[in-house]
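Structure record follows, encoded as structure tokens.
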Amino acid sequence: MTFCKTAAALLAATTLALPVSAQQSDETAQGDVAVTIYQNGQSLVQDVRQLNISRGTTRIEFPDVSAQIRPATLSFNAQDTAIVEQNFDFDLLTPTKLMEKAIGRTVTLIRTNPATGSETRERAEVLSTVGGVVLRIGDRIEVLRDDGLPVRVVFDEVPPNLRARPTLSVTLNSTRSGTRDASIRYLTPGLGWTADYVALFDEANGAVDMQGWVTLTNTTGTTFYQADTLLVAGNPNGSSGGPRRDLVRPGTQTADRERLGDFYLYPIDGRTTIANAQTKQVSFLEVQGVPARRVYTIGADWLASDDDFRPASTAISFNSSREGGLGDALPAGTVRFYQRDAQGNPQFIGENGIGHTPMGSTLSLRTGDAFDVYMKAEVENRERITAAEYEASRRYRVIEDGEVVREVQVDRAVTYYRTTMRYTFTNAKPEPVEVELTQSGLGRYWWGWDYRVVSEDVAGEQLNIDNRLYRVSVPANGEREVRVTYETRF
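For any residue, its number in this note's numbering is found by taking its place in the sequence shown, counting from 1, and adding 3.
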């Protein structure tokens, strides 16, 4: 049995004989607290307290700071005062720490007889806490066991370097005495926030109602009371956040929010208490009737023939522009879509993540695979064709004794291919659908970028050198074949 389990079980039910000053109070020593929370795992805490500072050199304690404070980021400011030294006491008062600090010291064991209720007291020296608590009681060595019998451990005092609350102490040099504002500012991990979006999709009317929630988490070991809270959306650590498959096209509109450099600020209305080990949600966005539509998408690789039909992906597409009704920049988070059933009850239909999205952006968020819409891509025909003429790739002259005796031309035949792709779409839905098919792999080699699209049943849109998009209408309860013929050098 490990020491942590043994000590915690034994000491949890123990009434420790500690000075009253060591007992943790529900009150806080914090002053006017402002917390700025970033999405990269860092937060800025600013705490202004009213302190009576004596003249000369004195030591001031700041309890109730973050237990994960980064001491090197500390900034202290008080009028007519300079900081000389700072210390952060991070050893918190816990049963485990008490027992560890008691090694070599004497404690009192109080055992209760379950049958009679009588108590017996013994003085014991703590010898070790590695793998369990080893005690010397008189002339015997005993291991403190978690056997369910009532045992209490009483400590004579609290070790001086154990704190009931995370405490920062600073040594100051003041030119005068008196009460004044003393502010500390520091960075800490352990505070974080994410954006969560709840979207109710109305397919019949082509609209979505969206509500945005900020989810705050606090694992700093400290509660921040009545804090003025500001959220920053962006990547202050310079991270790009990886590829954005949800973003069809970034927007070019500026949101009606305060900006700080390249970041958007999302203040929380009113002051809020961010309790330790707590998750809190606050609403920051609520809009109705944003135009939206369902989109079916599927891709095909170059010269790839499917063995069987594949389901298309289903996605919800909307725009975050002001004209589109949403009109806001969207912090990175998760969008969860719901849709009403025949009884009018909202049912979950899928979710996807988004990155930081400027206002005016077009998004297409995949929610899953379509149940009724499929596609099969096949190479229907592929043949080699000869160019009408040869391409002169290289010329050189032969010179003997300073005279050109002959010229040599080297010709290399260029082989072209004509490939016909057949795409077969099926639709089991009672209404027609439009499927967006992307043929990729067209720009595989730089020397083959002069490929041609000879014929296509559906007019395509060239997205880039590698991808061509086809919007194919598939009839209700039916199927459709689409053929495209390419001429390429590969």
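Ideal placement from N, C-alpha and C gives every residue a C-beta, glycine not left out.
Ignore the nearest five residues each way along the sequence and tell me which others in A315's own chain have a CB closer than 8 angstroms to its CB. These residues qualify, in order along the chain: Y299, T300, I301, D372, A373, V376, Y377, M378, V438.
What ranges does the beta strand (DSSP E) occupy inside the segment 35-97, keeping only unbroken runs of at least 3 residues that lie completely in it? Within the segment 35-97, the complete beta strand (DSSP E) runs of at least 3 residues fall at 35-40, 46-56, 59-66, 78-81, 84-92.
Express the C-alpha separation of F312 and T5 in angstroms, rounding to a whole number. Interpretation of T5 is limited by its pLDDT of 39, a score under 50 that renders its predicted location unreliable; no figure is taken from the coordinates.
Proximity winner among D460, Q214, P478, W452, relative to E490 (alpha-carbon distances): Taking only the C-alpha atoms, the option nearest E490 is W452.
Are three or more beta carbon pairs between the segment 282-297 and the segment 215-223 nearer than 8 angstroms? Yes, the segment 282-297 touches the segment 215-223.
Use the C-beta contact count for G264: other C-beta atoms within 10 angstroms, 16 or more gives buried, fewer gives exposed. Flag for G264 reads exposed.
Report yes or no: do the segment 354-370 and the segment 219-235 share at least 3 C-beta pairs separated by less than 8 angstroms? With a cut-off of 8 angstroms on Cβ pairs, the segment 354-370 is not in contact with the segment 219-235, counting fewer than three such pairs.
For a quick check, are the C-beta atoms of L175 and T61 less than 8 angstroms apart? Between L175 and T61, the C-beta spacing is below 8 angstroms.
Let me check one thing: in DSSP terms, what residues is V235 bridge-paired to? Answer by DSSP bridge pairing, in chain order: L268.
Per DSSP, the bridge partner or partners of K379: Per the DSSP secondary-structure output, K379 pairs in a beta bridge with T427.
Bounding residues of the beta strand (DSSP E) (the contiguous stretch that carries N221): For N221, the enclosing beta strand (DSSP E) has its first and last residue at 210-221.
CB contact flag (Y269, F287, <8 angstroms): At the C-beta level, Y269 and F287 come within 8 angstroms of one another.
Going by the CB atoms, is the gap between T275 and Q71 shorter than 8 angstroms? The answer is no: Cβ separation not under 8 angstroms.
Buried or exposed: which applies to E261, given that a residue is buried once 16 or more other Cβ atoms fall within 10 Å of its Cβ? With fewer than 16 other Cβ atoms from the protein chains shown falling within 10 Å of its own Cβ, E261 counts as exposed.
Apart from the five residues on each side of it in sequence, which residues of its chain come closer than 7 angstroms, Cβ to Cβ, to R385? Leaving aside the five residues that flank R385 on each side, the residues in its chain whose CB is nearer than 7 angstroms to its CB run, in chain order, Y420, T422.
Out of S131, R126, V136, which one is the CA nearest neighbour of D142? Of the listed residues, the one whose Cα sits closest to D142 is R126.
In or out: F351 buried (at least 16 other Cβ within 10 Å) or exposed? Here F351 is exposed. Its C-beta has fewer than 16 other C-beta atoms within 10 Å.
Just how far apart, CA to CA, sit E128 and G107? Approximately 6 angstroms between the Cα atoms of the pair.
I believe A185 touches L77 by the beta-carbon criterion, under 8 angstroms. Please report the beta-carbon distance rounded to the nearest angstrom. Their Cβ separation, rounded to whole angstroms, is 13 angstroms, which puts A185 and L77 out of contact at 8 angstroms.
If you measure between the beta carbons of T433 and V477, is that distance less than 8 angstroms? In the sequence as presented, Thr is not what sits at residue 433; that position holds Pro. V477 sits away from P433, with the two beta carbons spaced by 8 angstroms or more.
By Cβ distance below 6 angstroms, which residues in the same chain neighbour V485 in space, the five residues on each side in sequence not counted? So the list reads Y426, D460, V461, V475, once near-sequence residues are dropped.
According to DSSP, simplified to helix, strand and coil, what is K432? Here K432 sits in coil by DSSP.
Cβ-based neighbour list, W196, same chain, cut-off 8 angstroms, excluding 5 preceding and 5 following: Within the same chain, W196 has close Cβ partners I40, Q42, V217, T218, L219, T220, L234.
For E103, count neighbouring Cβ atoms within 10 angstroms of its own Cβ and tell me buried if that reaches 16, exposed if not. The Cβ neighbour count for E103, taken over all protein chains shown within 10 Å, is at least 16; the residue is labelled buried.
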